[in-house]
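To keep things clear, I will list the structure first and then write my remarks on it.
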Amino acid sequence: METLTDNQLTRYARQLLLPQVDLDGQMRLQRSCVLVVGAGGLGCPVTQYLAGAGVGHIRVVDPDQVELSNLPRQVVYTEADVGIAKVDALTRRLRAANADIVLEGCVGRFDADAAQGLLDGVDLVIDASDSNQARLDIDRSTYERQLPWLMGAAVQTAGQWIAFDPIRQGGCYHCLVFADGDEALGGCTALGILGPVAGMIAMQQSLAALKYLLGAPLPWGVVHYADGWADEYSSITLTARPDCPLCGGGD
Ligand SMILES: [Zn+2]
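Residues in the sequence shown are numbered from 1 upward in steps of one, following our numbering.
See the structure below:
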């Protein structure tokens with residue numbers, strides 16, 4: 001029977017005290033595999049918290065190298081990392097924090113072609129991509145495999161996050177995007193962002209991920225908005241569209 005080592009009991013002592021985690025939950029986290037799409041403002045804190053909590057297998061995919069303009073919000077990186085592939089710098093830092101877990105860094109983008117390999121063995125996908133096309137690809141490829149995913153986006157002083165259930169009972173990302181007339185958020189590159197705003201959304205995604213992996217219910221299909229400057233927070237329930245090109249049975 002699987003059990004935790006003395007070292008793991010010490011490392012995870014504070015979260016093991018929580019009835020929501022306990023030994024069973026810690027073993028669940030250890031057996032879990034999460035794909036994080038993006039190693040930027042959302043992906044860095046998300047992977048750090050998942051690695052810290054002992055999620056046993058974390059795969060992260062990103063095509064970019066660390067740039068100086070990343071450092072204000074991607075605070076895991078240092079000046080010495082500039083010019084290095086983000087996934088290499090990030091996995092090195094995560095490995096230094098927790099040598100007990102499996103870390104995979106994949107240089108590249110998430111798209112329909114890459115999905116097959118990237119989703120192999122994955123329990124949950126976290127979008128940290130800053131790309132609407134990547135989100136559409138994540139939505140489609142996880143829907144085909146009945147996997148849940150957590151969308152996240154942050155730009156300027158506000159962000160949003162949504163949990164999509166494995167079979168999209170509460171609707172899918174395509175329902176949202178097409179209902180809003182392709183509501184592209186625009187990227188941080190063009191519009192700017194305040195660092196802690198990305199962190200705020202990443203924390204919501206991290207917490208939702210741990211809850212899901214621990215077997216707790218999530219607010220599936222609820223769009224959560226947060227404006228960190230105006231200090232305004234709201235949520236609306238997504239409406240599944242019967243004519244949705246992905247989940248509406250229209251194909
Ligand atoms: Zn849909």
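Backbone N, C-alpha and C define an ideal beta-carbon position, used for all residues, glycine too.
Query: List the endpoints of the continuous alpha helix (DSSP H) containing T10.; Result: D6 to R11
Query: So what's E183 in DSSP terms, helix, strand or just coil?; Result: A caution first: E183 carries a pLDDT of 47, below 50, which makes its placement in the model unreliable, though a value can still be read off. Reduced to three states, the DSSP call for E183 is coil.
Query: When the Cα of A112 is compared with those of Q48, G187, E144 and N70, which residue comes out closest?; Result: E144
Query: So what does W229 bridge to, in DSSP terms?; Result: DSSP lists no partner for W229.
Query: Would you mind listing the alpha helix (DSSP H) stretches within the stretch 38-120 that are 4+ residues and don't spill past its ends, in chain order?; Result: 43-53, 86-97 and 112-118
Query: Use the C-beta contact count for D182: other C-beta atoms within 10 angstroms, 16 or more gives buried, fewer gives exposed.; Result: Unreliable positioning characterises D182 in this predicted model, as indicated by a pLDDT of 47, which lies under 50. The coordinate reading is nonetheless provided below. Looking at its Cβ environment, which holds fewer than 16 other Cβ atoms inside 10 Å, D182 is exposed.
Query: Which residue's Cα is closest to the Cα of H57: A115, D123, D81 and P166?; Result: D123
Query: If we ignore side chains and look at the alpha-carbon of each, how far apart do G171 and I162 end up?; Result: 11 Å
Query: For L210, which of helix, strand or coil comes out of DSSP?; Result: helix
Query: For ligand 1, which residues count as neighbours when the test is a C-beta closer than 7 Å to any heavy atom?; Result: R168, G171, C172, H174, C175, A240, R241, C244, L246, C247 and G248
Query: Any idea if A51 is buried or exposed, counting beta-carbon neighbours within 10 angstroms, 16 or more meaning buried?; Result: buried
Query: Would Y12 be called buried (16 or more neighbouring beta carbons within 10 Å of its own) or exposed?; Result: buried
Query: Determine whether the beta carbon atoms of Q205 and I84 lie at a separation below 8 Å.; Result: no
Query: Under DSSP, the alpha helix (DSSP H) around G170 begins and ends at which residues?; Result: Run containing G170: none; DSSP gives neither H nor E here.
Query: What residues in its chain sit with their C-beta under 8 Å from that of D251, if we drop five residues either side in the sequence?; Result: Residue placement at D251 is flagged as unreliable, the pLDDT there being 47, under the threshold of 50; a coordinate-derived value is accordingly withheld.
Query: So, with DSSP's three-state summary, where would you put T237?; Result: strand
Query: Check whether the Cβ atoms of R31 and E104 lie closer than 8 Å to each other.; Result: no
Query: Between D120 and T142, what straight-line distance do the alpha-carbon atoms span, to the nearest angstrom?; Result: 11 Å
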